[in-house]
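Written below as structure tokens is the structure these notes are about.
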Amino acid sequence: MLELVGVTSRYGPVTALHDVDLVAEAGRITAVLGANGAGKTTLLRTISGLHRADKGTIRFDGRDITRLSTDAMTRAGMSHVPEGRGVITELTVRENLRLGQLGRSRSGTAMSIDDVVDLFPVLGDRSAALAHTLSGGERQMLVIGRALLATPRMLLLDEPSLGLAPRIVTQIFGIVRQLVESQGLTVLLVEQNARSALSIADVGVVLNLGRVVAQDSAAVLSADEGLRHAYLGY
Ligand code: ATP
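Basically my numbering = 1-based index in the sequence shown + 78.
And the structure:
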């Protein structure tokens, strides 16, 4: 469904991605793993149109999306959940969720705010609370819920586990897995927390200094002790 061929991305003289080839299949979770500075965030920003690729082609369902704007990407069915819990802190939880319904794609499975609250009940409990009063885990649930309201076929998640307690990470990852199983959603999950990510992913891609060094099933990558020690930090 998503395919990158020979994608190179630069920041001035710094080449953050070198000639990256990657496939994320429909209805699967593909985890993008690697240390700080490996190029994971740049990869997501390049896919979603926040950063322009210098070279290469990105295709989504066979369509060349290399030069589409972020808005056009959302309409095409791709929702990007950036790192750092981008909620609007002075709006309530419900108001933040309503924002997700703007600029919906027509292609994904339609979800209502009630559906999102069924997935993340705490968002219903805290519906009238201002978003700045939420915990880190609640904010992460809110940004994922908001992205789902844009009816995506594909979700790009940037480090959803960052700074969260292991119990909350397990809960959020469990819900992501459930969405993939029940709705056929496609997920590209960027994570430094490789062990947790591989526990829910179907496929993993390992980046090092902007290059793909491994791409295989999550089971094969988890079993590769040398690779884990060299690139995945466990
Ligand atoms: P992290 O987990 O720290 O976000 P990452 O794997 O997501 O790491 P990127 O943030 O994509 O890595 O960074 C890849 C490379 O690009 C690094 O060498 C980084 O210093 C460089 N880089 C990232 N953003 C910029 C920028 N705005 N200007 C210049 N260089 C940048």
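Each residue gets a CB set at the ideal place from its N, CA and C atoms; glycine is no exception. Predicted, not measured: the structure shown is a model, and the values here were computed from it.
Short Cβ contact (8 Å threshold) for residue i with residue j
{"i": "A301", "j": "A279", "result": "no"}
{"i": "T93", "j": "S126", "result": "no"}
{"i": "L95", "j": "S87", "result": "yes"}
{"i": "G131", "j": "T124", "result": "Note on identity: in this sequence residue 131 is Ala, with Gly being the wrong assignment. Cβ atoms of A131 and T124: closer than 8 Å."}
{"i": "L122", "j": "V247", "result": "no"}
{"i": "A102", "j": "L299", "result": "no"}
{"i": "G282", "j": "L100", "result": "no"}
{"i": "V165", "j": "V254", "result": "no"}
{"i": "L234", "j": "M156", "result": "yes"}
{"i": "R224", "j": "L257", "result": "no"}
With 16 other Cβ atoms within 10 Å as the buried cut-off, status of residue i
{"i": "D204", "result": "Correcting the residue type first, residue 204 is Arg in the shown sequence and not Asp. With 16 or more Cβ atoms within 10 Å of its Cβ, R204 is classed as buried."}
{"i": "N174", "result": "buried"}
{"i": "T167", "result": "exposed"}
{"i": "P199", "result": "exposed"}
{"i": "Y312", "result": "exposed"}
{"i": "N271", "result": "buried"}
{"i": "A150", "result": "exposed"}
{"i": "A188", "result": "exposed"}
{"i": "A206", "result": "exposed"}
{"i": "T119", "result": "buried"}
{"i": "R231", "result": "buried"}
{"i": "G252", "result": "exposed"}
{"i": "A209", "result": "buried"}
{"i": "P244", "result": "exposed"}
{"i": "T152", "result": "buried"}
{"i": "R141", "result": "exposed"}
{"i": "G117", "result": "buried"}
Straight-line gap, residue i to residue j (C-alpha atoms, nearest Å)
{"i": "V159", "j": "E303", "result": "31 Å"}
{"i": "A228", "j": "Q179", "result": "5 Å"}
{"i": "E259", "j": "A104", "result": "11 Å"}
{"i": "Q249", "j": "R106", "result": "19 Å"}
{"i": "M219", "j": "G90", "result": "35 Å"}
{"i": "L276", "j": "A109", "result": "7 Å"}
{"i": "A154", "j": "S213", "result": "32 Å"}
{"i": "V83", "j": "R273", "result": "27 Å"}
{"i": "Y309", "j": "D97", "result": "19 Å"}
{"i": "T135", "j": "T144", "result": "6 Å"}
{"i": "V171", "j": "R182", "result": "19 Å"}
{"i": "D294", "j": "G115", "result": "21 Å"}
{"i": "T264", "j": "D236", "result": "14 Å"}
{"i": "S190", "j": "V284", "result": "35 Å"}
{"i": "G215", "j": "R289", "result": "31 Å"}
{"i": "V195", "j": "P238", "result": "18 Å"}
{"i": "L240", "j": "E161", "result": "8 Å"}
{"i": "R306", "j": "V291", "result": "12 Å"}
{"i": "L128", "j": "L146", "result": "10 Å"}
{"i": "G73", "j": "G202", "result": "In the structure as shown, the chain begins at 79 and stops at 312. Residue 73 is therefore absent and cannot be evaluated."}
{"i": "K133", "j": "V85", "result": "5 Å"}
task = Considering only heavy atoms of ligand 1, list every residue whose Cβ is less than 5 Å from one of them, following chain order.
result = Listed along the chain, these residues meet the criterion: Y89, V92, A94, N114, G115, A116, G117, K118, T119, T120.
query = What runs of the beta strand (DSSP E), each 3 residues or longer, lie entirely inside the region 92–135?
reply = DSSP runs (the beta strand (DSSP E)) wholly in the region 92–135: 92–102, 107–111.
request  = Enumerate, from N- to C-terminal direction, the unbroken alpha helix (DSSP H) stretches of 4 or more residues contained entirely within the region 201–234.
outcome  = As far as the region 201–234 is concerned, its whole alpha helix (DSSP H) runs of at least 4 residues are 214–226.
query = Which whole runs of the alpha helix (DSSP H) in the region 276–309 are 4 residues long or more, in chain order?
reply = 296–301, all fully within the region 276–309.
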